[in-house]
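Worksheet for the structure shown next.
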Amino acid sequence: MDIETFKGYVGKEDVQIVDVRGEEEYKGGHVEGAEHVFVGTLQQNLDKIKKDKQIVIHCQAGDRSAIAYSLLKKNGFENVKNYSGGMKEWKENGNPVI
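Note that my numbering gives residue 67 to position 60 of the sequence shown, counting from 1, and the numbers run on in steps of one.
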């Protein structure tokens, strides 16, 4: 999805935004409301992903979120979208991070 579409999901009650970057990257700044589940431990943490919500995943620039997207789909998650621009694009466009 593109950045404008992603903005429309941020802050919505029925959406779970999942940041799949490393822990230090996440702590260094993330989208408000984004939950952290590192792509390398995603398989062991599928219980943190909510099947009853629209899931939007992202990483820094799209590579790790593509892996996470495939993993979630393989595990039966249907409502998954990938914001491939990631934090790189988000920050370059002056959007807020916490």
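For each residue, glycine too, the CB sits at the ideal point set by N, CA and C.
- Here Asn100 has Ile10 as same chain residues with Cβ atoms under 7 Å from its own Cβ, once five neighbours each way along the sequence are excluded.
- The straight-line gap separating the alpha-carbon atoms of Glu20 and Ala41 is approximately 12 Å.
- According to the DSSP secondary-structure assignment, Gln61 is paired through a beta bridge with Val22.
- Closest option to Phe13, judged by alpha-carbon separation, among Ala75, Gln67, Val63, Ser72: Val63.
- In the DSSP annotation of this structure, the continuous segment of the alpha helix (DSSP H) that includes Lys81 starts and ends at 70-81.
- Taking C-alpha positions only, Met8 is separated from Asn52 by approximately 24 Å.
- DSSP places Val46 within a helical segment (H, G or I) once states are collapsed to three.
- Cβ contact annotation for Glu30 (same chain, cutoff 8 Å, sequence separation greater than five): His43, Phe45, in chain order.
- Shortest Cα-Cα distance from Lys98 to any of Lys55, Gly18, Leu49, Ala68 involves Ala68.
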